[in-house]
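All residue numbers in the sequence shown are consecutive under UniProt numbering, ending with 276.
All C-beta atoms in this analysis are idealised placements derived from N, C-alpha and C, irrespective of residue type, glycine included.
Please read these numbers as outputs of a predicted model, since none were measured by experiment.
Let me begin by presenting the structure, written as structure tokens, before commenting on it.
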Amino acid sequence: MARFAARYAHLSFRIADETLALMREMTAAGELEHLTPERVWKETENALTTRNPQVYFQVLRDCGALRVLFPEIDALFGVPAPAKWHPEIDTGVHTLMTLSMAAMLSPQLDVRFATLCHDLGKGLTPKNFWPRHHGHGPAGVKLVEQLCQRLRVPNDLRDLAKLVAEYHDLIHTFPILQPKTIVKLFDAIDAWRKPQRVEQIALTSEADVRGRTGFEASDYPQGRWLREAWQVAQAVPTKEVVEAGFKGIEIREELTKRRIAAVANWKEKRCPNPAS
């Protein structure tokens, strides 16, 4: 029923109150505990491909099922973020707004799932640190792993979601990143072998910024700069390094140096550090 609501939300479909009440009764009776991980993931996968995937998770929350099936996401509701950056304040609300934005930006299941999981780490922040969530990115990686293992989420979706959880805040600070850090980021996300990840991470980061009250139409130049920096870095020819006589590990080291130099030259002209 939750997936059905997500699928037809654009037609103003809503679940009847008596049906929602029945769903709450079923949840309270423990009937969800009999669902296999494969069944839960299949329903979720289908919901994530609809126009309004956020409706699926909202319905699950409305009937108490989110706490049972997705405790990592349910834990985000009621967790505050700084009002200056998050006028919606509630991290759970932000998560669903971000998922909604991701659905508008991309049809890719990978992007939508990674966006859903981007702030899971905020659910672990001790209350005495609220509304700050320092280190929530790395903390969220473990929760993504936990969720994916429990529901048997495909490895490629899991891997992207872990990277997005860890690095989405870094992308937001792109103007102040050093060229060396940018190239290290490409290494960390294995962009040389999986170049599609650059675009996917740019989209999830944009969804994060625009999935906030009052920021829905915001420009996100960091995404453009990330894509441009990637084009510059990958354009550095490996062949020239080999022909210059470098061997073994020296090839990788020299290639990295040249990539950093190329990105530095590009960044100085295209995206200078605001502090410089």
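Separation of residue j from residue i, as counted between CA atoms
| i | j | result |
| --- | --- | --- |
| E206 | W130 | 24 Å |
| G92 | A102 | 15 Å |
| A191 | V183 | 10 Å |
| T36 | K42 | 10 Å |
| C148 | A233 | 32 Å |
| E243 | I249 | 15 Å |
| N46 | R112 | 12 Å |
| L48 | L177 | 33 Å |
| D159 | F246 | 33 Å |
| K239 | T44 | 45 Å |
| A144 | A165 | The sequence shown places Val at residue 144, not Ala. Rounded to the nearest angstrom, the two C-alpha atoms are 8 Å apart. |
| L69 | Y56 | 12 Å |
| F174 | Q200 | 16 Å |
| P138 | L157 | 17 Å |
| L120 | V141 | 8 Å |
Counterpart residues of residue i in DSSP-defined beta bridges
| i | result |
| --- | --- |
| residue 282 | Outside the displayed span of the chain (1 to 276) sits residue 282, for which this structure offers no information. |
Start-to-end residues for the alpha helix (DSSP H) that takes in residue i
| i | result |
| --- | --- |
| C148 | H136 to L151 |
| G214 | No alpha helix (DSSP H) contains G214, which DSSP labels as neither H nor E. |
| W223 | Correcting the residue identity first, residue 223 is Gly in this sequence and not Trp. Here the alpha helix (DSSP H) through G223 covers P221 to Q234. |
| Q54 | P53 to D62 |
| W266 | I249 to R270 |
| L66 | A65 to L69 |
| T27 | D17 to A28 |
Coil, strand or helix - residue i by DSSP
| i | result |
| --- | --- |
| D119 | coil |
| Q178 | coil |
| F129 | helix |
| R193 | coil |
| N155 | helix |
| N46 | helix |
| Y8 | In this predicted model, Y8 has a pLDDT of only 48, less than 50, meaning its place in the structure is not dependable; the value taken from the coordinates is given anyway. Coil. |
| I201 | helix |
| P237 | coil |
| A75 | coil |
| R112 | helix |
| W41 | helix |
Proximal residues to residue i (C-beta, below 6 Å), its chain only, five neighbours per side dropped
| i | result |
| --- | --- |
| L99 | P53, Q54, T115 and L116 |
| A75 | G123 |
| Y8 | For Y8, the predicted model reports a pLDDT of 48, less than 50, meaning its position is unreliable and no value from the coordinates is stated. |
| I189 | L163 and R197 |
| P221 | none |
| R14 | none |
Other residues of its chain near residue i: CB distance less than 7 Å, five sequence neighbours each side excluded
| i | result |
| --- | --- |
| R212 | H86, P87, E88, H94 and M97 |
| L105 | L203, E206 and A207 |
Cutoff 8 Å; reference residue i; Cβ partners in own chain excluding five residues on either side
| i | result |
| --- | --- |
| A83 | I89 and P131 |
| Q146 | E72 |
| W266 | E228, A229 and V232 |
Residue i Cβ short of 7 Å to the ligand SAH heavy atom set
| i | result |
| --- | --- |
| D156 | Absence of the ligand SAH from the depicted structure is noted, as is the absence of any ligand whatsoever, leaving it without description. |
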